[in-house]
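Numbering (the numbering used here), first residue to last: 70 to 715. For glycine and all other residues, C-beta sits at the position ideal for the given N, C-alpha and C. If you're wondering where the values come from, they're calculated on a predicted model, not measured in any experiment. Data block below; observations after.
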């Protein structure tokens, strides 16, 4: 039987394929192109931002191997290696991470296009007429579009760390496509090559995420539904060659992941959960029902990073019993309707099989949207089949429904991605939809305020930074980072008493944990100097240097006080000169701030010629925003006057 990807594909079909792929690319860019600034959130922090193994500087095999197998979850080496490549090539550029994620999603959609095309050629378009080919292309385009623009996919694409899921799905679906194409090849060497490449693709999928372990079952399903006409009696002998190796390979993969210690792994995993294995199994039917409802009605108002679902404690609970009965009925319907409603049956079977790992015994969190990324393919394929049938019966109605549905899905995805762009808004969204997630959401929202405040501070918008740090402290009044950062913002805004109070609070909190805050003492010393409280400034500088004897800025502040304090009791030109010369030598005589201090010290010591020389060099090296202050001091030295602060 010939595939649409085979040698019998007419030449005039190639432009149609390119047009379809171009449309898929444009649609993907349109709904995900504005997500390049989405920050790292939630599990991104531990897996990417705080993962030292990813900080590779070169593209050497040794560094990539360390990133792949030295990260948090070494069962996903390929995914971590891809994050390390991101870092090696683009640093921590968020846009680069998202471009790769979007590219992986688009590639998966293209694979879905061709896999649907091949599958349709085995069923409704098997006569290979021009009309059948055209309908198959339309069906494949719609299936790929549904897969790409469905709002449920946002969590596997926009949520950076879930590249693990989309990568695994990409290689998984590619392996199935290569199997299906090879299965139709009459040339044995070509078939063997295709299947070997499929095996490599499966290995890459397994290296991305463990969900790929089900591929042998998926191939068995595909073989039964589309190559064996669902006749077990007539196909059992031919299927034996596939069933036995598939079971063996699946067993080997499972043994590798559990390392022969499934019972202990489950016991350790559930010790960290607030539910038992039995309670998880009782709850998952309700999760499956919820998943189906999200596929059918994926309104942005129903999507959430952290869904809330109450744990089932008994099978006699009405909702639990009803959900379990529904799932059993669904599975039974897939079996009993397999011949009459083959495509619907396959979609259901695919859906259930691809939830088997994450929705059964493993001690994972109860529910996440990204777990539907691969299961959604079955329903996308069903949609492609529906288009072929509908277009042949009611072409205008089918076209209108398809266009309207895809536009609604794309709009919903675009709106959902808008929520991801603002981390504070994202956690507000979580809290609004799931009050039970308050502890986690509050902590993450606190972190988001801190991060945004630091961004504002780096850009010079200290007023907004101060507000964000205050909002972070409204969530957690004892957040040392937020207190310290707000102190910096207050100092930049000239709110010196408030800055001093924040630094004092930060110091007290740090001392209470026996972890002195060196920068807290330094910053409080600077504020004390600016307020004219030189005894306090000198005391804090002494404590700073006790904790960090080589801290250059502490030495510079001390030299500045000794050179420029308005009160002669604190000035000492000779001592200031010694400190400043050491600082200039340490910075290669290229630091305008140190040269400025040395000039002030020499003027205080009465050597105005040296003061003028050092001040001129400081002016030459200074940035434009600094040079005016340096010039004023230079003019004072030229007039044979020392400079005194304040």
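Buried or exposed by the 16-neighbour rule on C-beta atoms within 10 Å, applied to residue i
i           : result
residue 532 : exposed
residue 88  : exposed
residue 507 : exposed
residue 487 : exposed
residue 119 : exposed
residue 439 : buried
residue 776 : Given a span of 70 to 715 for the chain in the structure shown, any question on residue 776 remains unanswerable.
residue 277 : buried
residue 141 : exposed
residue 496 : buried
residue 131 : exposed
residue 178 : buried
residue 236 : buried
CB contact flag (residue i, residue j, <9 Å)
i           : j           : result
residue 227 : residue 107 : yes
residue 564 : residue 375 : no
residue 407 : residue 204 : no
residue 432 : residue 221 : no
residue 551 : residue 560 : no
residue 436 : residue 365 : no
residue 634 : residue 603 : yes
residue 213 : residue 185 : yes
residue 413 : residue 400 : no
residue 627 : residue 600 : no
residue 526 : residue 549 : no
residue 398 : residue 380 : no
residue 245 : residue 209 : no
residue 571 : residue 555 : yes
residue 104 : residue 218 : no
residue 392 : residue 358 : yes
residue 662 : residue 695 : yes
residue 541 : residue 522 : yes
residue 714 : residue 598 : yes
residue 456 : residue 207 : yes
residue 666 : residue 625 : yes
residue 90  : residue 182 : yes
Chain-order list of residues whose beta-carbon lies under 8 Å from that of residue i (same chain, five-residue window excluded)
i           : result
residue 587 : 613, 616, 617, 620
residue 660 : 652, 653, 690
residue 99  : 479, 483
residue 113 : 228, 229, 230
residue 500 : 506, 507, 510, 511, 514
residue 92  : 210, 214
Beta-carbon contacts of residue i that lie in its chain and below 6 Å, excluding the five residues immediately before and after
i           : result
residue 524 : none
residue 170 : 226, 232
residue 196 : With a pLDDT of 49 at residue 196, under the threshold of 50, the modelled position of that residue is not reliable, and no figure is offered here.
residue 545 : 515
residue 410 : none
residue 418 : 290, 403
residue 215 : 449, 452
residue 247 : 263, 266, 267
residue 75  : Here residue 75 scores only 45 on pLDDT, less than 50, and its place in the model should not be relied on; the value that follows carries that caveat. Excluding residues within five positions, none has a Cβ falling inside 6 Å.
residue 137 : 146, 149, 150
residue 692 : none
Own chain partners of residue i with C-beta closer than 7 Å, once the 5 adjacent residues on each side are dropped
i           : result
residue 135 : 122
residue 443 : 238, 241, 280, 423
residue 700 : 688
residue 589 : 553, 572, 575, 576, 579
residue 128 : 157
residue 673 : 632, 640, 642, 645, 711
residue 273 : 147, 240
residue 630 : 598, 603, 606, 607, 639
residue 703 : 681, 684, 685, 688
residue 707 : 681
residue 388 : 355
(request) Write down every uninterrupted run of the alpha helix (DSSP H) in the segment 176 to 253 whose length is 4 residues or greater and which is fully enclosed by it, in chain order. (result) 199 to 218, 223 to 226, 232 to 252
(request) Return the chain-ordered ranges of every beta strand (DSSP E) run that is complete within the segment 405 to 441 and spans a minimum of 3 residues. (result) none
(request) Identify every run of the beta strand (DSSP E) within the segment 322 to 370, keeping only runs that are complete inside it and at least 3 residues long; order them along the chain. (result) none
(message) Quick check on the DSSP output: what are the complete alpha helix (DSSP H) runs of length 4 or more inside the segment 540 to 580, in order along the chain?
(response) 549 to 562
(request) Please list the segments of the alpha helix (DSSP H) lying wholly inside the segment 618 to 658, counting only runs of 4 or more residues, in order along the chain. (result) 621 to 633, 642 to 655
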